[in-house]
DNA sequence: CGGGCTTTTGACGCCCATCAACGAGTGTGG
DNA sequence: CCACACTCGTTGATGGGCGTCAAAAGCCCG
C-alpha cells in the first residue's frame, strides 16, 4: 500500500505538543502514535486576537481548525444584512466542517478573545485516513456529532421559550467547560449578551432580563461576564421545559 | 490491497436498477461502475406505508437509508413529550447521518406516504471507500451538506418571521422537487399543516392563515395539499425578508 | 478623561400562540 | 352504500411573551 507523502516537520510536532488534537482524538480510540502523525500535518498560526476573522464566508475551504486556547464564534450572514450566530467554539472543538461540501466557507469565524488555533489541512487529513486506522471513522463521527448538535439547536429554537433557551445555553456551556477540566459552576463567558441573544434567537434585552430573573430566583450569580451557577439541577429542569409543570401533557 | 468481502448478489443489483443511489451519487463524480458496486450492498426493503416507522429514537445505528420513492419525516422527541420535526425527506435524499456518532438513532423517521427506501449498511459502505476512489470524500460531503442545511434552518428559526418561514419552506420544496425533474411550481405536499408548522416552529393556525394570505396576494394557489406557485420571485423576495423593505437597515 | 459600547430596566405594542368553533375530507364498519 | 367518527384545515377572538424603543448607568479603551 503506497503511503502518500505527508508534510512531516519535526519542529512543528514539537511546537504542537499541547495541541488540542490529542484532547480531541485520544478519547476516540486513536493511539498516541497516531496523534503524533496527526500533529505532523498541523500548521500553527500565530495567536489571534479579539475581533480577528479566522475565515470569511466565501473563502475557499482548505482546512479544518481546532481551537487550542481561547474561544470564537461562527456566524452566517442573513440576506437582510444581519447575521445569525451559529455557535461558540471552545478549546478542543473543530470548526469548518460545514464547508467541506461546497468547498467554500459559508459562514464567518470570529475570535472572541485572544486564542490560538490549529489549522489542519483537510486534504492531508483525508490522506492520513489511509494509514491511520480509525481516523476515517473518527471524521465521520465528528461530522455526525455536529449534525446532532445542530439538531439540538433546532429543537431549542423551534420549541423552547426564552427562559428554557438561556437555561439550556448555560447548561451546555457548563458541560463543555467541565469536559475541559474547568469548573462547571463558575466561569466567564467570552461572548456578549448581544451574541448570546443572537445565538438563541432572542433580543439582548430579553437575555439580560432573564439573567436577572435567574439571579432573583437564586439559580445563579451574575456579574457581567462572570457566571456562578448555584443550582445546576433546577437549571436542567428549566431547560427541559419542566419549569412550571405538575403533570402536564405534551405540547407538540 | 486486500479487498473486503462484499455482499454481492446479482439479483439484488438488478432489483435495484432504479435505486436512487445513482441519482444521488452520479452527479458527485462516481462512475456508473462504482454505483453498481454501491448498489450491490443495498438491501431492499418492502414498500413502507403511511405511519410506518423506518427507525426509532434509541434504535441501534446500522444503516443509512436512501429514499427511492415517496417521502418521510424525521423528528426528535422533546423532553416535555412533544416532538420537533427535523426534516422532510424526498427521493434521492439520505437519512440517518446524525446517528453515526452515537451509534444510536436519536430521532424517529416516519413514512408520510407509501414509499420505498434503500437500506445501506454503513459498515459495508465505509469498507467500500477502500476500493471506490472518491466515495470517502463523497460521504464527507454528504455529511457536510447536512450540516449546511441545518445551518439554514437555524437562521430560519432564529431570525425569520412566520411569513418568511413559510415562503422559505415552499421555495425549498420547489427546488428539491425541480432537482428531481418535477414541476417546481405545481406539486402536492405529503405532510400536514401540523407537520409543516412543527417543522417551522409555528402553530398550525398560523401556517393556515399565511397560506390564505399568500393566496389572497396571488402568490400561489392552495387547495389542501395541492400547491401551485404563481410567483416564485416574489416568494423568494419574501423568504429573504425583503418583503416590506424599501432601504432597510440590517437587523442583527 | 471622554466617547463608545455593553448591560440593565421600564413602557409599550405587535406578532403569533392559544382557545374555540365549524366545515370538509377520509376511513371504517354495519 | 350510507352513517358515523375522526382527523384535517380554516377562521375568528383573545391574550401573552417577547421584540422594540428609550434612557440611564457602568465599563473599557484610547
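Residue numbers (full-length UniProt numbering), protein chains in the order written: chain A, 1 to 252; chain B, 1 to 252. Backbone N, C-alpha and C define an ideal beta-carbon position, used for all residues, glycine too.
Hey, is the stretch 84–103 of chain B in contact with the stretch 141–156 of chain B, meaning 3+ C-beta pairs nearer than 8 Å? yes
What residues in its chain sit with their C-beta under 8 Å from that of residue 62 of chain B, if we drop five residues either side in the sequence? 121, 122, 123
Are any of the Cβ atoms in chain A nearer than 8 Å to that of residue 79 of chain B? yes
By alpha-carbon positions, which one of A:51, A:80, A:125 ends up nearest to residue 65 of chain A? A:125
With three or more beta-carbon pairs closer than 8 Å as the criterion, would you say the stretch 223–237 of chain A touches the stretch 175–190 of chain A? yes
Considering Cα atoms alone, identify which of B:215, B:70, B:137 is closest to residue 51 of chain B. B:70
Alpha-carbon spacing of residue 115 of chain B relative to residue 82 of chain A, whole angstroms: 40 Å
Quick test of your reading: residue 89 of chain A and residue 72 of chain A, contact by CB under 8 Å. State the CB separation rounded to the nearest angstrom. 5 Å
Under DSSP, the alpha helix (DSSP H) around residue 54 of chain B begins and ends at which residues? Looking at the DSSP string, residue 54 of chain B is not in any alpha helix (DSSP H); the run it does join, the beta strand (DSSP E), is 53–55.
Under 8 Å, Cβ to Cβ, is there at least one residue of chain B near residue 145 of chain A? yes
When the Cα atoms are used, what is the spatial distance from residue 182 of chain B to residue 199 of chain B? 23 Å
Opposing strand residues paired with residue 78 of chain A [DSSP bridges]: Per DSSP, none; premise fails for residue 78 of chain A.
Suppose you measure from the CA of residue 231 of chain A to the CA of residue 84 of chain B; what does that come to, to the nearest Å? 28 Å
With distances taken Cα to Cα, identify the nearest neighbour of residue 59 of chain B among B:195, B:165, B:46, B:109. B:109
On a CA-only basis, which of A:76, A:128, A:87 is nearest residue 104 of chain A? Give me that one, please. A:76
Pick from B:203, B:243, B:111: whose alpha carbon is nearest that of residue 168 of chain B? B:243
On the CB-based measure, 16 or more other CB atoms within 10 Å of its CB, does residue 217 of chain B come out buried or exposed? exposed
When DSSP builds the beta bridges, which residues end up paired with residue 67 of chain A? A:117
Among A:236, A:113, A:193, which residue has its Cα nearest to the Cα of residue 171 of chain A? A:236
Taking a Cβ distance cut-off of 9 Å, strictly less, list which residues of the stretch 177–188 of chain B are near chain A, in chain order. none
Where does residue 133 of chain A land, buried or exposed, given buried means 16+ other C-beta within 10 angstroms? exposed
Terminal residues of the beta strand (DSSP E) in which residue 86 of chain B lies: 83–89
Does the separation of the CB atoms of residue 48 of chain A and residue 154 of chain B fall below 8 Å? no
What residues in the stretch 148–172 of chain B have a beta carbon less than 8 Å from any beta carbon of chain A? 148, 150, 151, 153, 154, 155, 157, 158, 159
For residue 101 of chain A, the three-state DSSP class (helix, strand or coil): coil
Is there a Cβ of chain A sitting closer than 8 Å to that of residue 107 of chain B, yes or no? yes
Quick one: what does DSSP say residue 60 of chain A is sitting in, helix, strand or coil? strand
At a Cβ cut of 8 Å, what residues of the stretch 94–105 of chain B count as close to chain A, listed as they run along the chain? 97, 98, 99, 100, 101, 102
Nearest-angstrom Cα separation, counted from residue 74 of chain B out to residue 57 of chain B: 10 Å
At which residues does the alpha helix (DSSP H) containing residue 207 of chain B begin and terminate? 204–216
Against residue 141 of chain B, what residues of chain A qualify as contacts under a CB-to-CB distance less than 7 Å, listed in chain order? 100, 101
Identify each residue in the stretch 223–245 of chain B for which the Cβ-Cβ distance to at least one residue of chain A is less than 9 Å, and report them in chain order. 239, 240, 241, 242, 245
In chain order, what residues of the same chain have a beta carbon less than 8 Å from the beta carbon of residue 179 of chain B, not counting five sequence neighbours either side? 92
Contacts that residue 137 of chain A makes with chain B (C-beta to C-beta distance below 8 Å): 126
Can you pull the chain A neighbours of residue 201 of chain B, defined as C-beta to C-beta under 8 Å? 157, 158, 159
According to the neighbour-count rule (16 or more other Cβ atoms, all chains shown, within 10 Å of its Cβ), is residue 164 of chain A buried or exposed? buried
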